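**Student:**
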Amino acid sequence: MSEQSRRGHKPAKPYRRPKKDPVRILAFEALRAVDERDAYANLVLPPLLRKAREKDDFDARDAALATELVYGTLRRQGTYDAVIAACVDRPLREVDPPVLDVLSLGAHQLLGTRIPTHAAVSATVELARVVLGDGRAKFVNAVLRKIAQNDLDGWIDKVAPPYDEDPEDHLAVVHSHPRWVVSALWDSLGGGRAGIEELLAADNERPRVTLVARPGRATAEELLREEAAEAGRWSPYAVRLAEGGEPGAVDAVREGRAGVQDEGSQLVALALANAPLEGPDTKWLDGCAGPGGKAALLGALAAERGAMLLASEKQPHRAGLVAKALAGNPGPYQVIAADGTRPPWRPGSFDRVLVDVPCTGLGALRRRPEARWRRRPEDLDNFAPLQRALLRTALDSVRVGGVVGYATCSPHLAETRVVVADVLKQYPDAELLDARPLLPGVPALGDGPDIQLWPHVHGTDAMYLALIRRTAG
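Heads up, the sequence shown is in numbering that gives the first Met the number 0, so the first residue is 0 and it goes up one at a time.
#1: Can you confirm whether the region 455 to 466 touches the region 182 to 201 when touching is taken to mean that 3 or more C-beta pairs between the two stretches lie within less than 8 angstroms?
#2: I need the DSSP call for W233, collapsed to helix, strand or coil.
#3: Looking at the unbroken alpha helix (DSSP H) that takes in Y426, where does it start and where does it end?
#4: Look at the alpha carbon of W344 and the alpha carbon of G286, and state the distance between them as a whole number of angstroms.
#5: Does DSSP put I450 in a helix, in a strand, or in coil?
#6: DSSP three-state label for L385, please.
#7: Measure how close the beta-carbons of F382 and L284 come, nearest whole angstrom, since I'm counting them as under 8 angstroms.
#8: Examine the Cβ distances between the region 261 to 279 and the region 394 to 410 and report whether three or more of them are shorter than 8 angstroms.
#9: Going by the DSSP bridge assignment, what does S311 pair with across the sheet?
#10: Quick one: Cα of A228 to Cα of D150, how far?
#11: Would you call the CB atoms of A22 and D61 closer than 8 angstroms?
#12: Can you give, in chain order, each stretch of the alpha helix (DSSP H) that sits fully within the region 110 to 161 and has at least 4 residues?
#13: So A84 and L91 are in contact, right, with Cβ under 8 angstroms, and what is the actual spacing, rounded?
#14: Short of 7 angstroms in beta carbon distance, which residues of its chain neighbour D395, apart from the five on each side in sequence? Order them along the chain.
#15: Check L353 in the structure and name its three-state DSSP category.
#16: Using a Cβ-Cβ cutoff of less than 6 angstroms, which residues in the same chain neighbour A309 once the five nearest sequence positions on both sides are dropped?
#17: Whole-angstrom Cβ separation of R75 and N273, contact assumed at under 8 angstroms?
#18: Tell me, to the nearest whole angstrom, how far the beta carbon of A257 is from that of A212; I am working on the premise that it is less than 8 angstroms.
#19: From A483 to L240, what does the alpha carbon distance come to, in whole angstroms?
#20: Let me make sure I understand the geometry here. Which of D428, G447 and L464 has the alpha-carbon closest to that of T470?
#21: So, under 8 angstroms CB-CB, L464 and A270 are touching, yes? Tell me the CB distance rounded to an integer number of Å.
#22: What's the call for A261, buried or exposed, on a 16-neighbour Cβ count within 10 Å?
#23: What span of residues does the beta strand (DSSP E) with R494 cover, start to end?
#24: Check M0 in the structure and name its three-state DSSP category.
#25: Starting from V94, trace the beta strand (DSSP E) both ways and give me its first and last residue.
#26: Since V98 and V139 should fall inside the 8 angstroms C-beta cutoff, what is the C-beta to C-beta distance between them, to a whole number of angstroms?
#27: Would you kindly report the start and end of the unbroken alpha helix (DSSP H) that includes K486?
#28: Which stretch, first to last residue, makes up the beta strand (DSSP E) that contains W283?
#29: Consult DSSP for A26 and reduce its assignment to one of helix, strand or coil.
#30: Following the continuous alpha helix (DSSP H) through A257, name the residue where it begins and the one where it ends.
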């Protein structure tokens, strides 16, 4: 018997090296990149997964779990913040961001997945030991054990104000959206509880990858040969991959004959291309072409009619992405780096013009969940002058009888109808066209003449489109 044992002291516990969990470490690294560098998960995660797959111990199931942990944590961040705040003895702003990321990962495993409670807690505490150290791992352990005392519904009952007392704040906590975004989306929908609940819930569902078969280069039938692929609901060129489908594994995508493009984005391009014109139809313009998805579809549609497309993008690196998307287009096209508010082309040069203007991106929160936490109401004021200037340039660039499409990936009224109404006051020689008949078979497009798509109604991003014809010079 040792001297220490004879004196009644417990033997010291031997040091145990924390177990490294590659899946949770990768998820933590992705969340840190999103927080520290303002990166987007859809850009950060793929290279991390590719690097991890090069190792023999990281398979498809690991990749799926890592993806769920990252996107699930980001989508439910607002809800989990409220839960964590109820379980710590200090304001969340005083919790170190890396610690908060680990706690959020743990909260998602406990409240948003089917991972057993003991496994969620122990795996997250082990992660904390690896990336934070033993001291802060004890704090993580204590907080997670408090969180584990209730399920998600139980926590919502505790941390969300009653709907009858504060409906916007209730929805903000329950559906993990900033309050101002809830208010703006509600206004855009026109009121009613059911619609806003369905929209906010749809924002928290992970969308399947949608491909576009570029006319003249690929067909939807070719893409449908992919395992478990399905035809799009509305666009004849759209094909949805199976859940977890990898577009880079599709031959047509690798060859540039097809691309990744939300069906709402495809519908915007199709509506502009199908709008009735008076006179020739030979020159098309995409005035805000980066990163090139709509330009590639428009270029292919123009080629079918013998028209040419000019794709203009202000940022040179984004213009390079447009050129890559259009490479191999079957008809004539040109890509230039130019400021759309000070264009190098002459007024009245084009028959069809599209401006998909920079915006808050509130219509694509399914795909970029972290964007909801980065945007602020004041961003609307920053975008407003540019949106109006780009629409004015577009109207100046189209000939009499030609058509302009004003599009945004935001349903916020300040970025959609308000912009169009303000600019049209300066253009008495322009008229709104009813865009709804140009998307036959697509239901619930609103009262018109413009179009508003919705994730919960159409399964697309919340794209907006107004079509405007110049009626006089």
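Note that CB positions come from ideal geometry on N, CA and C, so glycine has one too.
This one's a predicted model, so the numbers in the text were calculated from it and none came from an experiment.
**Tutor:** Answer, in terms of the structure:
#1: The region 182 to 201 and the region 455 to 466 touch, with no fewer than 3 CB-CB distances between them shorter than 8 angstroms.
#2: Taking the sequence shown and counting its residues from 1, one reaches residue 233 at position 234. The answer is coil: DSSP assigns W233 none of H, G, I, E or B.
#3: Here residue 426 is taken as the residue at index 427 of the sequence shown, counted from 1. For Y426, no alpha helix (DSSP H) segment is defined, and its DSSP state is neither H nor E.
#4: Reading the sequence shown from its first residue, position 345 is the one you call residue 344. Reading the sequence shown from its first residue, position 287 is the one you call residue 286. W344 and G286 have their C-alpha atoms some 11 angstroms from each other.
#5: Translated into positions along the sequence shown, residue 450 becomes position 451. For I450, the three-state secondary structure derived from DSSP is strand.
#6: Within the sequence shown, residue 385 is the residue found at index 386, counting from 1. The three-state reading of DSSP puts L385 in helix, counting H, G and I together.
#7: Here residue 382 corresponds to residue number 383 of the sequence shown, with the count starting at 1. Here residue 284 corresponds to residue number 285 of the sequence shown, with the count starting at 1. Actually they are not in contact, since the Cβ atoms of F382 and L284 sit about 21 angstroms apart, beyond 8 angstroms.
#8: The region 261 to 279 is in contact with the region 394 to 410.
#9: Locating residue 311 in the sequence shown gives position 312, where the first residue counts as 1. DSSP lists I335 as partners of S311.
#10: Here residue 228 corresponds to residue number 229 of the sequence shown, with the count starting at 1. Here residue 150 corresponds to residue number 151 of the sequence shown, with the count starting at 1. In this structure, the CA atom of A228 is about 35 angstroms from the CA atom of D150.
#11: Reading the sequence shown from its first residue, position 23 is the one you call residue 22. Reading the sequence shown from its first residue, position 62 is the one you call residue 61. The sequence as given places Val at residue 22; Ala does not occur at that position. Cβ atoms of V22 and D61: closer than 8 angstroms.
#12: Note on the region 110 to 161: whole alpha helix (DSSP H) runs with a minimum of 4 residues are 116 to 130, 133 to 146 and 151 to 158, in chain order.
#13: Locating residue 84 in the sequence shown gives position 85, where the first residue counts as 1. Locating residue 91 in the sequence shown gives position 92, where the first residue counts as 1. A84 to L91, Cβ: 5 angstroms. Contact.
#14: Sequence index remark: in the sequence shown, residue 395 carries index 396 (1-based). Correct list, in chain order: P346.
#15: Here residue 353 refers to the residue found at position 354 of the sequence shown. Of the three classes helix, strand and coil, the one that applies to L353 here is strand, per DSSP.
#16: Reading the sequence shown from its first residue, position 310 is the one you call residue 309. The question names Ala, but residue 309 is Leu in the sequence shown. Closer than 6 angstroms at the Cβ level, and outside the excluded window around L309, lie L284 and Q333.
#17: One-based indexing of the sequence shown puts residue 75 at position 76. One-based indexing of the sequence shown puts residue 273 at position 274. Cβ-Cβ separation between R75 and N273: approximately 40 angstroms, too far for a contact (criterion under 8 angstroms).
#18: Translated into positions along the sequence shown, residue 257 becomes position 258. Translated into positions along the sequence shown, residue 212 becomes position 213. Confirmed, about 5 angstroms.
#19: Here the chain covers residues 0 to 472 and nothing more, so residue 483 does not appear.
#20: Taking the sequence shown and counting its residues from 1, the one referred to as residue 470 is at position 471. In terms of Cα proximity to T470, the closest of D428, G447 and L464 is D428.
#21: In the sequence shown, residue 464 corresponds to position 465, counting from 1. In the sequence shown, residue 270 corresponds to position 271, counting from 1. Yes, they are in contact, since the Cβ atoms of L464 and A270 sit about 6 angstroms apart, within 8 angstroms.
#22: The residue labelled residue 261 in the question sits at position 262 within the sequence shown. For the record, residue 261 in the displayed sequence is Asp; it is not Ala. Burial state of D261 is buried, judged by a 10 Å Cβ sphere holding 16 or more other Cβ atoms.
#23: The question about residue 494 has no answer, for the chain in this structure spans 0 to 472.
#24: Along the sequence shown, read from residue 1 onward, the residue named residue 0 stands at position 1. Confidence in M0 is poor, its pLDDT being 44 and thus under 50, which makes the residue's placement unreliable; the coordinate value appears in the next sentence. In the structure shown, M0 falls within a coil segment according to DSSP collapsed to helix, strand and coil.
#25: On the sequence shown, residue 94 is found 95 positions in, with the first residue counted as 1. Where V94 is concerned, there is no enclosing beta strand (DSSP E), because DSSP gives it neither an H nor an E.
#26: In the sequence shown, residue 98 corresponds to position 99, counting from 1. In the sequence shown, residue 139 corresponds to position 140, counting from 1. So it is a contact: roughly 7 angstroms between Cβ atoms.
#27: Because the chain is modelled from 0 through 472, residue 486 falls outside the range shown and cannot be assessed.
#28: The residue given as residue 283 occupies position 284 in the sequence shown. That run of the beta strand (DSSP E) goes K282 to D285.
#29: Reading the sequence shown from its first residue, position 27 is the one you call residue 26. It is helical.
#30: As a first step, residue 257 is located in the sequence shown; it is residue number 258 there, counting from the start. Segment A257 to V259 is the beta strand (DSSP E) holding A257; no alpha helix (DSSP H) there.
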